[in-house]
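Going by UniProt numbering, the sequence shown wraps up at 338, each residue one higher than the last. In this text, a Cβ means the ideal position worked out from N, Cα and C, and glycines have one as well. One structure is given below, encoded as structure tokens.
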Amino acid sequence: MTNFILVTGGAGYIGSHTCVELINSGYDPIIVDNFSNSERFVVDRIKEITGKQPILLEGDCGNVDWLIKVTKDYKINGCIHFAAYKAVGESAKEPLTYFENNIGSTISILKWMEATGCENLVFSSSCTVYGQPDKLPVTEKSPKKTAESPYGRTKQMCEDIIEDYYKSGKNIKALALRYFNPIGAHPSALIGELPLGVPNNLVPFITQTAAGIREKLIVFGNDYNTEDGTCIRDYIHVVDLAKAHVSAIQYLINKKENLVDYINVGTGTGNSVLDVIKTFEKVNKLQLNYSIGERRPGDVEKVYAEASYINKTLGWKASKSLDEALQDAWRWQKKLIN
Ligand code: NAD
Ligand code: WQD
1 MTNFILVTGG AGYIGSHTCV ELINSGYDPI IVDNFSNSER FVVDRIKEIT
51 GKQPILLEGD CGNVDWLIKV TKDYKINGCI HFAAYKAVGE SAKEPLTYFE
101 NNIGSTISIL KWMEATGCEN LVFSSSCTVY GQPDKLPVTE KSPKKTAESP
151 YGRTKQMCED IIEDYYKSGK NIKALALRYF NPIGAHPSAL IGELPLGVPN
201 NLVPFITQTA AGIREKLIVF GNDYNTEDGT CIRDYIHVVD LAKAHVSAIQ
251 YLINKKENLV DYINVGTGTG NSVLDVIKTF EKVNKLQLNY SIGERRPGDV
301 EKVYAEASYI NKTLGWKASK SLDEALQDAW RWQKKLIN
């Protein structure tokens with residue numbers, strides 16, 4: 001029996017790992033991707049890992065008429081909506097592009113759900129909706145603060161749009177998963193993150209520096225109010241995060257009543273930038289060229305999740321360590337340069 005799940009952005013970093021875990025759990029992912037930030041070979045790699053070729057519908061999920069047409073032959077049980085642009089800095093330079101793609105595609109997915117009768121939605125949200133929280137760890141009840149970037153605001157707005165759709169009485173069961181900082185790669189080193197150009201995020205910058213693609217990593221400030229002065233984040237292995245999506249879709253399929261809910265996906269532990277650098281050096285037995293520089297404007301000092309709600313509702317808990325994530329990230333990077 002087939003059990004189709006529509007995965008928008010399924011060729012991307014988190015989407016591809018989620019397709020692997022969906023297949024491992026008996027689901028049949030249907031990838032919708034326009035490859036604006038991913039590569040076609042990723043779809044074949046999913047098959048290499050799992051033995052099963054996911055269906056690929058190449059196109060823009062913001063085009064609802066197209067989406068309805070190309071999915072009409074499948075009975076789809078749920079949608080995991082990853083497709084979005086995600087570069088925080090770029091979103092400040094091109095806000096309309098971000099609002100158009102991230103909000104437009106979410107509205108399109110809701111229209112698609114209404115048209116096709118698909119009721120289950122998992123939405124990719126972010127800890128960015130909390131801004132700099134007043135209290136740590138961050139619970140799902142922590143207030144949303146006006147996000148620093150247009151990117152962050154698209155996540156807040158999409159959450160509100162989904163909630164308004166639910167409140168209007170439409171049939172929908174939706175979970176917005178608020179990811180903390182996804183890192184690492186599949187242990188097979190067949191899929192991982194593919195940053196375009198100079199990476200903005202810490203771990204790809206570290207691995208590219210270790211690989212000699214970047215000369216030096218700059219630590220953005222060591223004068224924060226933290227133990228070693230560098231910022232604190234909750235780094236979560238992308239395979240753990242992918243598994244949280246499988247638990248989320250399973251939870252929704254089993255629910256009878258309409259619902260909308262928000263769930264943190266993190267480990268519950270905060271690590272500093274220097275912790276990450278030192279752990280990377282230790283587990284991969286190498287030395288990284290880095291120095292301390294200025295603060296990056298807009299950076300939050302400390303943020304990490306209270307991770308008990310996800311454990312209670314979905315029965316999910318992070319199982320992989322920072323050591324494993326940084327080993328997997330490096331294994332993936334080495335494969336990319338060879
Ligand atoms: P990614 O860029 O690797 O993947 C996104 C995928 O969506 C890409 O394959 C891209 O080609 C595709 N895409 C974008 N717009 C599309 C459209 N209109 N139609 C079809 N395909 C489209 O990003 P990711 O890191 O895998 O992130 C996935 C989701 O998780 C995004 O919504 C992102 O905002 C969110 N998120 C990511 C992080 C992170 O640090 N990576 C953290 C929190 C939330
Ligand atoms: C982590 C830490 C930097 C690069 C971003 C988005 C957020 C979410 C996750 C999507 C920070 C420091 C980084 C470098 C450094 N994405 N750093 N030197 O900022 O927590 O979050 O990705 O929703 O919305 O804002 O992640 O990986 O960029 O930074 O010192 O070259 O590493 O200052 O403390 P961030 P990051």
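Here S16 has G10, V42, I46, I191 as same chain residues with Cβ atoms under 7 Å from its own Cβ, once five neighbours each way along the sequence are excluded. DSSP places I213 in the coil class of the three-state scheme, outside both helix and strand.
For K173, there is no enclosing alpha helix (DSSP H); the residue is part of the beta strand (DSSP E) that begins and ends at 173-179. It is roughly 38 Å from the alpha-carbon of N120 to the alpha-carbon of D275.
At the C-beta level, K320 and D240 come within 7 Å of one another.
With 16 or more other CB atoms across the displayed protein chains lying within 10 angstroms of its CB, N101 is buried. Under the DSSP assignment, L190 falls outside any beta strand (DSSP E); it carries neither an H nor an E label. Cα atoms of T269 and D65: separation of roughly 43 Å, rounded to the nearest angstrom. In chain order, S36, N37, S91, T97, Y98, N101, N102, Y151 place their CB closer than 8 Å to the CB of Y85, counting only its own chain and leaving out the 5 sequence neighbours on each side. Taking Y309 as reference, the option from K256, N264, S291 with the minimal CA-CA separation is N264. For L322 and D73, the gap between their C-alpha atoms comes out near 42 Å. Put simply, of V138, Q327, L259, K317 the residue whose alpha carbon is nearest the alpha carbon of T279 is Q327.
In the DSSP assignment, C19 falls within the alpha helix (DSSP H) that extends over 13-24. Collapsing the DSSP output to three states places N271 in a strand.
Within the same chain, Cβ atoms closer than 8 Å to the Cβ of I253 are found at N77, G78, N120, the five residues on either side in sequence being excluded. G26 counts as exposed, since fewer than 16 other beta carbons sit within 10 angstroms of its beta carbon.
Going by DSSP, Y165 is part of the alpha helix (DSSP H) stretching over 150-167. For E159, the closest alpha carbon among the candidates G169, E148, K255, K144 is that of K144. Set against 6 Å, the gap from the CB of R153 to the closest heavy atom of ligand 2 is not smaller.
Counting C-beta pairs with one atom in each stretch, the region 207-223 and the region 164-175 have fewer than three that are closer than 8 Å, which means they do not touch. Under DSSP, R233 shares a beta bridge with N271.
In this chain, G293 is not harboured by any alpha helix (DSSP H); it is covered by the beta strand (DSSP E) spanning 290-293. Under the 8 Å Cβ criterion, the region 254-262 counts as touching the region 171-186, having at least three qualifying pairs. Beyond the five residues adjoining it in sequence on each side, E21 comes within less than 8 Å, by CB distance, of V239, A242, K243, H245, V246 in the same chain, given in chain order.
Looking at the DSSP output, D33 sits in a beta bridge with E58. Residue burial annotation: P204 is buried, with at least 16 other C-beta atoms found within 10 angstroms of its C-beta. Our two residues, A248 and S108, have alpha carbons roughly 21 Å apart in a direct line. The alpha-carbon separation between W316 and I80 amounts to approximately 17 Å. Annotated as distal: Q132 and V273, with beta-carbon spacing of 7 Å or more. Judged by DSSP secondary structure, Y262 falls within the beta strand (DSSP E) whose first and last residues are 259-265.
Around the beta carbon of I183, a 10 Å sphere encloses 16 or more other beta carbons of the protein chains shown; the residue is thus reported as buried.
Straight across, the Cα-Cα distance linking H186 with A115 is about 35 Å. If the five residues before and after I49 are omitted, its C-beta is found closer than 8 Å to the C-beta atoms of V20, H186, S188, L190, I191, all from its own chain and listed in chain order.
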